[in-house]
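Chains as they are written, first to last, in the working numbering: chain A, 99 to 511; chain B, 99 to 511; chain C, 99 to 511.
Ideal Cβ positions, reconstructed from N, Cα and C, are used throughout, including at glycine.
The structure appears below as structure tokens.
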């Protein structure tokens, strides 16, 4: 290996993570304790586990489609999840539940922390392969902070409750990541990096990620809802929306292919777009056909975006989006807000004024979220662009070799 | 790629799936709504998720053992599951729960729809690698219709309740698939297609499928049972039967090998035969030893079938069975019916006449199911044999290249 | 293949497993029946399934990192789990719950049997690649017997209850395996066997195993606890400890690498050391920072052990430990006992005498467990060293070819 490509993570990564972990322990020591209330929220546990699987396995393996980047996709995911979850428990506690100067840890707070970690994974999908683990970690921590700050602003100024605002994670994560990617744009990776490709077995690993996201998305969209009738409706709607977006994705994938073939990239991504889009509207959907319609639109939009917009974003806007996150989380997330508004207007047209007011509120919330994510993503991008953070050399992008011992060596010493 | 092998799915597949999805949405619009009853059946949710994982990941990955057919096995599985589940919700609703001219969607109806999708996956296992996604999809929809029709007949004329008749899915799926395979027999694939082979890594992907089926089979066999004592007994019986069939499969695999080696094909398939066989009898089994005995018999039969009958079926009967479905679902499914009858006769010999009458009923139900599946499978086979449905050219069987963009191309445009 | 390397499992394996299974069925016939109490312990089912996934998929796939040993790792795991679980139900029943001369089977007894199987998997990690399936099976059955005997001794003489003593499985499994490995030491495999290596895709399969262990470890540590407040605290503590040990493992992995790279071996193993270490102490931990501190220490210790001690164990002590079990289960397990004692001393220092007495009890229990595991492991090792048990030839170690049909052959007959 030529020395000029050589990137040691020493001493930055160990210092960073061990100091942070020590700091976390200290803050937890002074401020956090377990929820002693009895009976605890054990009934949430199975759904908590579903979300847990999405966070640690689903998102991690979704990213393994890159032929030479499987260790990083799955490995960095675990590291980032472990750190952001701890950090999110603290931030959420300080901002929203700091009664008696104590952060109370319970299943709900761990769950919320996991969901906050997802907002970071969304951004990680944009920059996958082009960043060092140090950059990923700092980006994730800053982003989760920004996301929770966004929740605080929405609560304070627009009275959007926390369960509602957490649904903005797809939009926030996407546009944070997009601006980060713009700020750290590397022309050397264009038009296409030789290592930015897949292979059949890696695509199957990625399929495992996709499927776990698909299967547990009903839990993801329903877990925070307390009213049981609304909760189970959210499960139904998510299920139907996912099914419909899967059908749409397969159909359009063939339609947009000159040779009439199916594109695995669409299957990995557009099939779950229905879960994202329906997410914001689950509490107002009253019938399966509505969820299915949203799912079809999400599946179509997502496939079209992946096929026609994604490849042009780099040359036109200098935004490179490795996983096509904008077409899976960004646009479907925005679609969901409009679906929500449309449904509310349609079902409450007798009290049109009230509903319109509600709609303006929701659009304002969306705009605030989008604006904040864009600004913070840009700032974070400039901050982490610095060479000090050990970004991989262009030639070592999309390549595990930059940061991982290789297996035949790993077993020796 | 020589043009003569070239198979474009355009415009058939997009037209088919998008029109069907639109039709589904319209029918749901007019006839379906969420169950508004409170409290909903949320307690079923963890087991619903287990079955969900079997449907979307278990069966999909079980089929990935073919060296060049992983995209199709896992991908077509998701597409077919998404469509048949929607279709089954409608058909079940119209035939069995059309009160107030409305189909009520709840967790139980989604669950039943998932189980109906499984009957289609069983048939898909027979024809895997030799059919286009269009054929698979149409076959699955027709089969699920046939299966639900079978349930209706059993209910109407033999008063077999729905929970009972849904257990016939293994037998129905197998013999539907077998006749479909017979009708679409392609001598060009014999004696063995060069691509009908496995490789070690694909076998491990397949193992993931097997294990998820194995692990969640207790949920599969118990989820529809309402009486909690019976339900938990079904969990125990399935567990013991699976364990016993695993042991039997390993033992016989070595015994039938000249070199005394274990055959991965047996491990993938015969280990779960115990789950199938015990399925029909779970409600009458009162002790673990009975479940274990059924498991051992299923494991032995399945391994023997895979080893000695499967390879001769093509030459003798012109039935090619890619996954050996007959020895995992078909024969064990029939075994289960006889086990059920034997147990009932043995435990109720004081009221022998009554039990014998019951036995005749059960055999009649089995015969009706077998007859209907054979007839409908044959008809569907002849219908879908037509070139119009884009079956792959002989040389492109068992090969993802026929219908999928390849990874290195997929990432470009 | 040269005949001298040829190892047929016939007739030993079929005879062994089929005779044992027959014996199991007979013993179950005479002594076991389902628990008829109503309502049954269905609320345990979701956590039962989590543990089930760890047992059948987690441990099996963790071992697939060996480049040429994936069939054996995942396949033998299923066989051993299926047999030991049946055996453990019987032994546990006879020793601890033999009321009315009947063993009552319920979800709790299946769960306990699964946990006993884990003690065998721990030992299997030590000897992976160097043993025949016959040796593995006999070792597992003898070990589980020894482990349950150990529980009986701890209960009888030290009044340690069963839920407590089952937590010793990590220590028992490790030192049983270590002594087994010492007794069956094969100098021919040193300094490093050419096949004892990984490859990138196998490491990803192994990552799937790691992640399922990681994700479901909170269930593993909490499932047997009956008090709901303690149970949910165990979930929280395990979660935080795992997160902290993950961070520590990544940090130290880079720090101990000359080139500043991450070692996948550490990620596979040290990230879950926190789950082991916290396991013994979960019922006394009252705050997240304690769990995190234990996790950090476990992650650091485990990484250091894997990096510096593991490679020297073979040459210094003639103990070859394939998966580095001692640094994932052994030392973290002992750490956990000391953590437990420390916490009890610290929180109950007003009643110091009483707590010190308790501490002596716990150390005695640990010593008894360690002593028994060392002795029984040694004895079992000498017993199974005999050529009759078909250990693989040195050249065929770490190689599926010794016992498995190979895929391209497997599909033919």
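To the nearest angstrom, report how far apart residue 349 (chain C) and residue 204 (chain A) are at their CA atoms.
-> 28 Å
Examine chain B for any beta-carbon lying closer than 9 Å to the beta-carbon of residue 488 (chain A), and answer yes or no.
-> no
Where residue 406 (chain C) falls, given that 16 or more other Cβ within 10 Å makes a residue buried = exposed
So residue 132 (chain B) is in the beta strand (DSSP E); what residue range does that whole segment cover?
-> 130-132
Secondary structure of residue 484 (chain B), DSSP reduced to three states | coil
Is DSSP giving residue 509 (chain A) helix, strand or coil here?
-> Here the model assigns residue 509 (chain A) a pLDDT of 47, short of 50, so the residue's position is not dependable, and the following value carries that caveat. If DSSP states are grouped into helix, strand and coil, residue 509 (chain A) belongs with coil.
Could you name the residues of chain B that residue 417 (chain A) contacts, counting a contact when the two beta carbons are closer than 8 Å?
-> Simply none; closest approach about 17 Å.
Spell out whether any CB of chain A is found under 9 Å from the CB atom of residue 126 (chain B).
-> yes
Which parts of the segment 257-337 of chain C are runs of the alpha helix (DSSP H), unbroken and 4 residues or longer, counting only runs that do not cross its ends?
-> 260-263, 267-281 and 298-320
Counted within 10 angstroms of its Cβ, other Cβ atoms place residue 510 (chain A) as buried (16 or more) or exposed | Low per-residue confidence applies at residue 510 (chain A): pLDDT is 40, beneath 50, and the placement is therefore not dependable, though the value from the model is reported in the following sentence. The residue is exposed, with fewer than 16 neighbouring Cβ atoms inside 10 Å.
Return helix, strand or coil for residue 203 (chain B), following the three-state DSSP convention.
-> strand
If we ignore side chains and look at the alpha-carbon of each, how far apart do residue 192 (chain C) and residue 215 (chain C) end up?
-> 17 Å
Return the residues of the segment 172-189 of chain C that lie within a Cβ-Cβ distance of less than 7 Å from chain B, sorted by chain order.
-> 172, 173, 176, 177, 180, 181, 183 and 184
Three or more beta-carbon pairs under 8 Å between the segment 398-413 of chain A and the segment 141-154 of chain B, yes or no?
-> no
Unbroken alpha helix (DSSP H) runs of length 4 or more, entirely within the segment 352-426 of chain B: which are they?
-> 362-377, 386-402 and 408-415
From residue 471 (chain C) to residue 416 (chain C), what distance separates their C-alpha atoms?
-> 18 Å
Mind checking which residues open and close the alpha helix (DSSP H) that includes residue 109 (chain B)?
-> Where residue 109 (chain B) is concerned, there is no enclosing alpha helix (DSSP H), given that its DSSP letter is neither H nor E.
One or two residues paired with residue 502 (chain C) in a DSSP bridge | B:360
What residues of chain C sit near residue 150 (chain A), judged by a beta carbon separation below 7 Å?
-> 313
Inside the segment 171-256 of chain B only - alpha helix (DSSP H) runs reaching at least 4 residues | 205-225 and 231-256
Spell out the partners DSSP gives residue 164 (chain C) in its beta bridges.
-> C:296
Helix, strand or coil at residue 489 (chain B) according to DSSP, with G and I counted as helix | coil
Count the C-beta pairs between the segment 348-364 of chain C and the segment 183-192 of chain A that are closer than 8 Å, then say yes if the count reaches three, no if not.
-> no
What residue from A:375, A:297, A:251 and A:161 has the CA that sits closest to residue 316 (chain A)'s CA?
-> A:375
Whole-angstrom distance between residue 132 (chain B) and residue 502 (chain A), CA atom to CA atom = 50 Å
Contacts of residue 324 (chain A) in chain C (Cβ-Cβ under 9 Å) | Near residue 324 (chain A) there are no residues of chain C at all, since even the closest Cβ is about 18 Å away, more than 9 Å.
Helix, strand or coil: which one does DSSP assign to residue 446 (chain A)?
-> coil
At least one CB of chain A closer than 9 Å to the CB of residue 394 (chain C): is that the case?
-> yes
Which chain A residues sit within Cβ distance under 9 Å of residue 218 (chain B)?
-> Result: empty, since nearest Cβ-Cβ is about 14 Å, beyond 9 Å.
Anything in the segment 228-253 of chain C with a Cβ closer than 9 Å to a Cβ of chain B? List those residues in chain order, please.
-> 231
CB contact below 9 Å: residue 349 (chain C) versus chain A = yes
Note down the Cα distance separating residue 441 (chain B) from residue 220 (chain B), rounded to an integer number of angstroms.
-> 27 Å
Are the segment 265-278 of chain B and the segment 430-445 of chain B in contact at 8 Å, needing three or more beta carbon pairs?
-> yes
Please compile the residues from chain C whose C-beta is within a distance smaller than 9 Å of the C-beta of residue 371 (chain B).
-> Within 9 Å Cβ-Cβ: nothing; residue 371 (chain B) doesn't reach chain C, min ~13 Å.
Measuring only between beta-carbons, confirm whether residue 436 (chain A) sits less than 9 Å from chain B.
-> no
Are the Cβ atoms of residue 231 (chain A) and residue 326 (chain C) separated by less than 9 Å?
-> no
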